[in-house]
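Count along the sequence shown from 1, then add 5; that gives the number in our numbering.
Glycine is no exception: its CB is placed at the ideal position from the N, C-alpha and C atoms.
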Amino acid sequence: MNPKTIVTLAIGLILFLLPFFIELEGLSLTGHITLGIFLLAALFWILEPIPIYATSLLVIFLQIIFLSVQGPLYQLGQVPATGPEPVEAEVWRIPAEALQEGEVLLLLDEDRQTSEIAVTVLDRDNGLVTVESAELTADTRLVLDADHWLLDFDVPSYTSYLNSLANPIIILFLGGFVLASAAVKYRLDRNLTRVILRPFGTRPAMVMLGLMLVTATLSAFMSNTATAAMMMTVIIPIVTQLDPADRYRIGIALCIPFAANVGGIATPIGTPPNAIVIGALQANDVFITFGTWMMLAVPLVAVLLFFVWWLLLKVYPPKEEKIVLEMSGKFDLSAKAIILYVVFGLTVVLWVTEAVHGLASSVVAFLPIAALTACQVIEKEDIRNLSWEVLWLMAGGIALGVAMQQTGLADYMIGLIRWELMGAFLVIIVFGFVAAGLSNFISNTVAASLLVPLAITLGASGILAEGVSVEINAIIIAVGASLGMALPISTPPNAIAMSTGMLRTPDMARMGIVIGIVGLVIALALSRVLWPALGL
6 MNPKTIVTLA IGLILFLLPF FIELEGLSLT GHITLGIFLL AALFWILEPI PIYATSLLVI
66 FLQIIFLSVQ GPLYQLGQVP ATGPEPVEAE VWRIPAEALQ EGEVLLLLDE DRQTSEIAVT
126 VLDRDNGLVT VESAELTADT RLVLDADHWL LDFDVPSYTS YLNSLANPII ILFLGGFVLA
186 SAAVKYRLDR NLTRVILRPF GTRPAMVMLG LMLVTATLSA FMSNTATAAM MMTVIIPIVT
246 QLDPADRYRI GIALCIPFAA NVGGIATPIG TPPNAIVIGA LQANDVFITF GTWMMLAVPL
306 VAVLLFFVWW LLLKVYPPKE EKIVLEMSGK FDLSAKAIIL YVVFGLTVVL WVTEAVHGLA
366 SSVVAFLPIA ALTACQVIEK EDIRNLSWEV LWLMAGGIAL GVAMQQTGLA DYMIGLIRWE
426 LMGAFLVIIV FGFVAAGLSN FISNTVAASL LVPLAITLGA SGILAEGVSV EINAIIIAVG
486 ASLGMALPIS TPPNAIAMST GMLRTPDMAR MGIVIGIVGL VIALALSRVL WPALGL
């Protein structure tokens, strides 16, 4: 373990413990605990002293230990309480500290729930009070400290946090992973690429457009990392045909990661931030169907893709007039491959028609999971190779968002800023650009996990008088997180493109910043025009 890791772990521990020693007025004890978990998670997700998926699992573990009714903090805690001493019928002697303001007693039941009863004070003597009440019994427990932290401890069951590992959004993504794994195994992705690229001919500009449309389409339903890795192998023969001085080489290398990043915005399963947003909205009884998300996102993706294509051709114009693509192959016609084609097509159709048949997208996602495993289209080794760490990372983000809202931390953090001075549209702008900025340096899933609970809480708070949409606040964060693509470390597709040696960081940074800004401007325009028309 290197010194940097040790220092980061130590700072994380300090950040976790800090809220236990600093009292923030207006924040509950559970809010303080959640703040410690939030600070530790943010640091670990950003600096990665342990893998980011391990941080997510640590978040869930800490929530169970410190925030659940089964955790030792709650189990071992005791509320100071006493029983009344009988004097005569319906007359009792109690400690003076048990008498609350207005001659009220606070009663404690076995579940640490409290209730109030009014009593009549008959006498006070040496710290004892004699009261009359027909509601008291010898078994009644009277609270001696009305401000004790356990009385303000709104404790959920540990299942509130474990459920994030099987949240419907996690199942939705798992279904997408199963489909993607099977598509790669039976070369459906490569064969679709070959078929889709054929109509684009041999002109360099059209070849780039075809590559971008294929990459974006595949990234909408598959891992953008896997898509980028596959498509980078497709462009290598193109690059080898070109003059080393041809700037088009840079453009063709950049078009793949940028198209993969943009394409992921198109569907709920395209990238984890989309799922984080949908899951958080569902937790607040706001439901966005698979088809509705696509109606919101596809226009943005289409406009932005064509802008990226135009920009890359302007900055990196081709010298050649013709490029020949060699993509031989044919579709697998084995029984298992045909089953995959049918299941893949049926799943996508059911996803985009969710509003018609009423089956939730997460329920539809179980079709490929069940069918492809039952028919042995994917087998034990394929299941082991799924991106489980991505699901764990998402689960940690979902659990953190649940805790922030349950404990009032999100409300408290929202209250620290004078949002009402900004106005609804400026708030959306702030969230979008902050999400994009963060995602250039940290995982876009992490950026969404940190920001979405705040945006949803703000949207539902009523702080802003009018024009606030909870859904738009959250969706802008998902879009902004996907548009953080200025650096090689910003997204896995960027890192894959850089690893080929075809690019320099300044090329990626310059284009990535422009695309991110333009993409957010387009998204903000749609949030004012198209999205409200769709019911947001």
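From which residue to which residue does the beta strand (DSSP E) around residue i run?
i	result
P249	Taken as a continuous stretch (DSSP letters only), P249 belongs to no beta strand (DSSP E), as it is neither H nor E.
S120	119 to 123
L147	146 to 148
Determine the DSSP secondary structure at residue i, reduced to helix, strand or coil.
i	result
E394	helix
R192	coil
A86	strand
P173	helix
I383	coil
L111	strand
L32	coil
V12	helix
Q410	helix
N7	coil
Y79	helix
D416	helix
A370	coil
P323	coil
H153	coil
I328	coil
P458	helix
F336	coil
V291	coil
Considering only the beta carbon of each residue, do residue i and residue j sit closer than 8 Å?
i	j	result
T450	G485	no
V84	V148	yes
L443	G406	no
H362	L355	yes
F436	A460	yes
F178	A280	yes
A302	I270	yes
A528	L305	yes
L214	W314	yes
A139	Q105	no
P322	R252	yes
L414	L40	yes
V353	A376	no
A187	S228	no
I174	G284	yes
A360	T412	no
A225	T272	yes
I16	L48	yes
Spatial neighbours of residue i within its chain, please: CB distance less than 7 Å, with the 5 preceding and 5 following residues excluded, ordered by chain position.
i	result
W397	Y58, S61, L62
V291	V475, E476
I422	none
L136	The question names Leu, but residue 136 in the sequence shown is Val. Hits under 7 Å: W97, I99, V124, T125, V126, L127.
Q68	I42, Y166, A404, A408
Following the continuous alpha helix (DSSP H) through residue i, name the residue where it begins and the one where it ends.
i	result
V320	295 to 320
D512	510 to 533
V64	57 to 72
N279	277 to 288
L355	340 to 357
A365	Element bounds for A365: n/a, residue is neither H nor E.
E476	475 to 487
V432	429 to 444
S165	164 to 167
V212	209 to 226
M503	497 to 504
Can you list, in chain order, the residues of its chain with a C-beta nearer than 6 Å to that of residue i? Leave out the 5 residues immediately preceding and following it.
i	result
A264	M217, T220, A221
E276	Residue 276 is actually Thr in this sequence, not Glu. Excluding sequence neighbours, T276 sits near G269, S487.
L541	S474, E476, I477
G181	I274
Y346	none
Going by DSSP, which residues form a beta bridge with residue i?
i	result
E93	V96
V134	I99, R129
Q105	V109
I'd like the list of long-range same chain contacts for residue i, defined as Cβ closer than 8 Å, with 5 residues on each side in sequence excluded.
i	result
F438	G485, L525
T119	L111, L112, L113, V148, L156
E326	R208, P209
A86	L113, R146, L147, V148, L149
G88	A143, D144, T145, R146, L147
T510	L492, P493, M503
H153	V84, P85
Between residue i and chain D, is any beta-carbon pair separated by less than 8 Å?
i	result
R203	No chain D is present in this structure, which holds just one protein chain.
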